[in-house]
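Visitor: The structure is given below, and queries will be raised subsequently.
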Amino acid sequence: MADEVKLFGMWASPYSLRVELALKLKGIPYEYIEEDLSNKSSLLLKYNPVHQKIPVLVHNGKPVAESSVILEYIDEIWRDNPVLPQDPYDRAMARFWAKFIDEKIQPTARNANLAEEKEREQAVEECCQQLKMLENELQGKPFFGGDTMGYLDIAALVIAFWFEVVREVVGLDLITEERFPILCKWIGKLQDIDVINECRPPKEKHVNYVRARYEAAKAAASN
Amino acid sequence: MAAKEEVKLLGFWVSPFVLRVEWALKIKGVKYEYIEEDIFNKSTLLTELNPVHKKVPVLVHDGKAIGESFVILEYVDETWKQNPLLPQDPYQRAMARFWAKFAEEKIFEGAWTALCSQGEQKQKALQQTREAMEKIEEQLQGKQQFFGGESIGYLDIILGWISHYLTVWEEVGSMEIIDPAKFPATMAWINRFLKHPVIQGTLPPREKMLVYFHQRSKELGSTSHGWLRV
């Protein structure tokens, strides 16, 4: 029986990209369904009633939500081209740093970008300290996963692509060549990877999208 | 020379995150050395082993340190195969992980925020927590013993803090999150959990907890998770 795999996603979501990339890296055929988050489909609400968010993977009719949960599921069902490392300690480190990206780096980056002049310096400093810790994990390796991309590279794509777009909109350059030479080298490598280019958000469209959201956030914050 | 299977756990007597790891190790019968940390006066050992967060729990196995209770639990389950914590079936595993994340973000965060805040923020947090608990109540409907089936599993461990901390926080915060009459399945699960031999004897004394959380909630005001960031 052929597997039926559907992915409910959104073109500008880094979480949606994580799942798409994992599916592509593992060579799993899937049907992609673009969701309009301002007008969510009844299918999305049916498959993710708890959060009503993308991404949702539907495998043979059974839904799985939350990108980190989906990635673990994908790796367990399709054993070829593993995304997580084999060794339990290495797996723990991959999970630890992915969590760090989502729970620490992303919020402090958001703070830095939305901060008023007087708080900006401190917010930037905090974010850079965290980025430095993450960059250290790349020491001596082309990718976080080693010779090839892995779970943590997938999780860290938000830093590679979304930070660059926000920089264009907000003007705040967090990841400079001077401060993060190894991270910049890693980002450079990603630009040449076909599967990534197949599913990453188109640059100009992405900048416009983020600009609109940033202006709205600024307006809301000043009220 | 240190034994190859040497396992240490850096903890703090009242941390619910540390308890999760202790329960997991006990369920699997893994011997470990427990090292009490004063999180308000951190040792060099803690800051060396968990330089990123400087928090407990930290599991040290064969000299390698791992932080974050969720990450530690997966490591423990993968390293010691007896008495599995997560289900065997990948879809069931995904469901367990999904609900664990949900509970942490909605119930733990919600209850803690409600404890440390006042007024509208407190009411909002209480509302979020109660609604989330209703979903857990639904998940427990018809469960014989535990989320893990006949024995305690991953999701029971992640949610286990509820059985002992929630009434303490309710008292300290002058609030009600679980009305026993409205959460029969949850109450039954709590009773079974507290009676389980692995859990007995691990719980911090209630009186000490009341004093501790009274002080901490006052100190923190509306800062969510302030104590854990210390």
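One line per chain: the protein sequences are A and B, in this order. Just so we're aligned, residue 966 is where the first sequence starts under the working numbering, counting upward by one. Just so we're aligned, residue 2 is where the second sequence starts under the working numbering, counting upward by one. Backbone N, C-alpha and C define an ideal beta-carbon position, used for all residues, glycine too.
1. Could you tell me the distance, in whole angstroms, from the CA atom of E969 (chain A) to the CA atom of F194 (chain B)?
2. Indicate whether at least one CB of chain A lies closer than 8 Å to the CB of P91 (chain B).
3. Quick one: what does DSSP say H215 (chain B) is sitting in, helix, strand or coil?
4. Measure the C-alpha to C-alpha separation of Y20 (chain B) and T203 (chain B) and round it to an integer number of angstroms.
5. Any Cβ of chain A within less than 8 Å of the Cβ of G227 (chain B)?
6. Which residues in chain B sit within 9 Å of Y1054 (chain A), going by Cβ to Cβ distance?
7. How many Å lie between T1073 (chain A) and G143 (chain B) at the Cα?
8. So G1153 (chain A) is in the beta strand (DSSP E); what residue range does that whole segment cover?
9. Counting only Cβ pairs nearer than 8 Å, list the residues of chain A close to K102 (chain B).
10. Name the chain A residues whose beta carbon is nearer than 9 Å to that of F99 (chain B)?
11. For chain A, is any of its Cβ atoms less than 8 Å away from the one on A126 (chain B)?
12. Check whether the region 1104 to 1113 of chain A and the region 1128 to 1139 of chain A are in contact - that is, three or more C-beta pairs closer than 8 Å.
13. Enumerate, from N- to C-terminal direction, the unbroken alpha helix (DSSP H) stretches of 4 or more residues contained entirely within the region 148 to 202 of chain B.
14. With DSSP run on the structure shown, which of helix, strand or coil describes P979 (chain A)?
15. Taking only three categories from DSSP, how would you classify G111 (chain B)?
16. Quick one: using the 10 Å Cβ neighbour count with 16 as the cut-off for buried, is S164 (chain B) buried or exposed?
17. What's the gap between the Cα of E1102 (chain A) and the Cα of F109 (chain B)?
18. Taking 8 Å as the threshold (C-beta atoms), are G154 (chain B) and P198 (chain B) in contact?
19. Label D1052 (chain A) either buried or exposed according to how many other C-beta atoms from any shown protein chain fall within 10 Å of its C-beta, with 16 as the threshold for buried.
20. What's the call for E1037 (chain A), buried or exposed, on a 16-neighbour Cβ count within 10 Å?
21. Beta-carbon separation of L156 (chain B) and G149 (chain B) under 8 Å?
22. Is the separation between the beta-carbon of L990 (chain A) and that of V1034 (chain A) shorter than 8 Å?
23. How is the beta strand (DSSP E) around G68 (chain B) delimited, first residue to last?
24. Give me the Cα-Cα distance between R1044 (chain A) and R1056 (chain A), rounded to the nearest whole angstrom.
25. What residues in its chain sit with their C-beta under 7 Å from that of K43 (chain B), if we drop five residues either side in the sequence?
26. In whole angstroms, what is the alpha-carbon distance linking W81 (chain B) and Y33 (chain B)?
27. Would you please state the rounded distance, in angstroms, between the beta carbons of A1077 (chain A) and L1139 (chain A)? I believe it to be under 8 Å.
28. May I ask you to verify whether the region 49 to 65 of chain B touches the region 1007 to 1026 of chain A, counting CB pairs closer than 8 Å and requiring at least 3?
29. Would DSSP call M2 (chain B) helix, strand or coil?
30. In the region 1105 to 1124 of chain A, which residues sit with their C-beta less than 9 Å from some C-beta in chain B, listed in chain order?
31. Where does A967 (chain A) land, buried or exposed, given buried means 16+ other C-beta within 10 angstroms?
32. Who are the near neighbours of L127 (chain B) in its chain, counting only those whose CB is closer than 7 Å to its CB and skipping five residues on each side?
33. Quick check: L1002 (chain A) and L1122 (chain A), are their CB atoms within less than 8 Å of each other?
34. Do W162 (chain B) and P17 (chain B) come within 8 Å of each other at the CB atom, strictly closer than that value?
35. Do we get a CB-CB distance below 8 Å when we pair K136 (chain B) with the residues of chain A?
36. What's the C-alpha gap between G227 (chain B) and D39 (chain B)?
Guide: In short:
1. In the first sequence, counting from the first residue as 1, residue 969 (chain A) sits at position 4. In the second sequence, counting from the first residue as 1, residue 194 (chain B) sits at position 193. Roughly 39 Å between the two C-alpha positions.
2. Your numbering for residue 91 (chain B) matches position 90 in the second sequence. True, the Cβ-Cβ gap to chain A drops below 8 Å.
3. Taking the first residue of the second sequence as position 1, residue 215 (chain B) is located at position 214. In this structure, DSSP gives H215 (chain B) a helical state, which the three-state scheme calls helix.
4. The count along the second sequence starts at 1 and reaches residue 20 (chain B) at position 19. The count along the second sequence starts at 1 and reaches residue 203 (chain B) at position 202. Rather than Tyr, the amino acid found at residue 20 (chain B) in this sequence is Leu. Computed Cα separation, rounded: 7 Å.
5. To locate residue 227 (chain B), count along the second sequence from 1; it is residue 226. Unreliable positioning characterises G227 (chain B) in this predicted model, as indicated by a pLDDT of 43, which lies under 50. The coordinate reading is nonetheless provided below. For G227 (chain B), the answer is no, since every Cβ of chain A falls outside 8 Å of its Cβ.
6. In the first sequence, the residue the question calls residue 1054 (chain A) occupies position 89. Within 9 Å Cβ-Cβ: H62, D63, K65, I67, Y76 and T80.
7. Locating residue 1073 (chain A) in the first sequence gives position 108, where the first residue counts as 1. Locating residue 143 (chain B) in the second sequence gives position 142, where the first residue counts as 1. Distance between the alpha carbons of T1073 (chain A) and G143 (chain B): 42 Å.
8. Working through the first sequence from its first residue, we reach residue 1153 (chain A) at position 188. Counting along the chain, G1153 (chain A) falls outside any beta strand (DSSP E), though it belongs to the alpha helix (DSSP H) covering P1146 to L1155.
9. Taking the second sequence and counting its residues from 1, one reaches residue 102 (chain B) at position 101. By Cβ distance, chain A contributes E1031, S1033 and V1034.
10. Here residue 99 (chain B) refers to the residue found at position 98 of the second sequence. Going along chain A in sequence order, the residues near F99 (chain B) (Cβ under 9 Å) are V1015, V1029, A1030, E1031 and V1034.
11. To locate residue 126 (chain B), count along the second sequence from 1; it is residue 125. No, no contact with chain A.
12. no
13. Complete alpha helix (DSSP H) runs here, min 4: 155 to 160, 162 to 173 and 185 to 196.
14. The residue labelled residue 979 (chain A) in the question sits at position 14 within the first sequence. Note: P979 (chain A) maps to helix in three-state DSSP.
15. By one-based count along the second sequence, residue 111 (chain B) stands at place 110. Correct three-state label for G111 (chain B): helix.
16. Here residue 164 (chain B) refers to the residue found at position 163 of the second sequence. Classification for S164 (chain B): buried.
17. To locate residue 1102 (chain A), count along the first sequence from 1; it is residue 137. To locate residue 109 (chain B), count along the second sequence from 1; it is residue 108. Roughly 30 Å between the two C-alpha positions.
18. As a first step, residue 198 (chain B) must be located in the second sequence, where it is residue number 197. As a first step, residue 154 (chain B) must be located in the second sequence, where it is residue number 153. No; because the gap between Cβ atoms is not below 8 Å, this pair is not in contact.
19. Stepping through the first sequence from its first residue, residue 1052 (chain A) is reached at position 87. Exposed.
20. Residue numbering aside, residue 1037 (chain A) sits at position 72 when the first sequence is read from its first letter. By the 10 Å Cβ count, E1037 (chain A) comes out buried.
21. Against the second sequence, residue 156 (chain B) aligns to sequence position 155. Against the second sequence, residue 149 (chain B) aligns to sequence position 148. Between L156 (chain B) and G149 (chain B), the C-beta gap is smaller than 8 Å, which places the two residues in contact.
22. Looking up residue 990 (chain A) in the first sequence gives position 25. Looking up residue 1034 (chain A) in the first sequence gives position 69. The answer is no: Cβ separation not under 8 Å.
23. Counting from 1 along the second sequence, the entry for residue 68 (chain B) is found at position 67. G68 (chain B) -> beta strand (DSSP E) spans K65 to G68.
24. Here residue 1044 (chain A) refers to the residue found at position 79 of the first sequence. Here residue 1056 (chain A) refers to the residue found at position 91 of the first sequence. Cα to Cα, the separation comes out at about 15 Å.
25. Along the second sequence, read from residue 1 onward, the residue named residue 43 (chain B) stands at position 42. Only K55 meet the Cβ criterion.
26. Within the second sequence, numbered from 1, the residue matching residue 81 (chain B) stands at position 80. Within the second sequence, numbered from 1, the residue matching residue 33 (chain B) stands at position 32. Computed Cα separation, rounded: 13 Å.
27. To locate residue 1077 (chain A), count along the first sequence from 1; it is residue 112. To locate residue 1139 (chain A), count along the first sequence from 1; it is residue 174. Sure, about 7 Å apart at Cβ, within 8 Å.
28. no
29. Taking the first residue of the second sequence as 1, we reach residue 2 (chain B) at position 1. Low confidence applies here, because M2 (chain B) scores a pLDDT of 46, under 50, leaving its location unreliable and the question unanswered by this model.
30. none
31. One-based indexing of the first sequence puts residue 967 (chain A) at position 2. Under this definition A967 (chain A) is an exposed residue.
32. On the second sequence, residue 127 (chain B) is found 126 positions in, with the first residue counted as 1. Closer than 7 Å at Cβ, skipping near neighbours: A115, M176 and I178.
33. As a working mapping, residue 1002 (chain A) is identified with position 37 in the first sequence. As a working mapping, residue 1122 (chain A) is identified with position 157 in the first sequence. Not a contact, by the Cβ cut-off of 8 Å.
34. The residue labelled residue 17 (chain B) in the question sits at position 16 within the second sequence. The residue labelled residue 162 (chain B) in the question sits at position 161 within the second sequence. Judged by beta-carbon spacing, W162 (chain B) lies within the 8 Å limit of P17 (chain B), meaning their Cβ atoms are closer than that value.
35. Counting from 1 along the second sequence, the entry for residue 136 (chain B) is found at position 135. Closer than 8 Å: yes.
36. Position 226 of the second sequence, counting from 1, holds the residue named residue 227 (chain B). Position 38 of the second sequence, counting from 1, holds the residue named residue 39 (chain B). For G227 (chain B), the predicted model reports a pLDDT of 43, less than 50, meaning its position is unreliable; a value from the coordinates is still stated below. About 16 Å.
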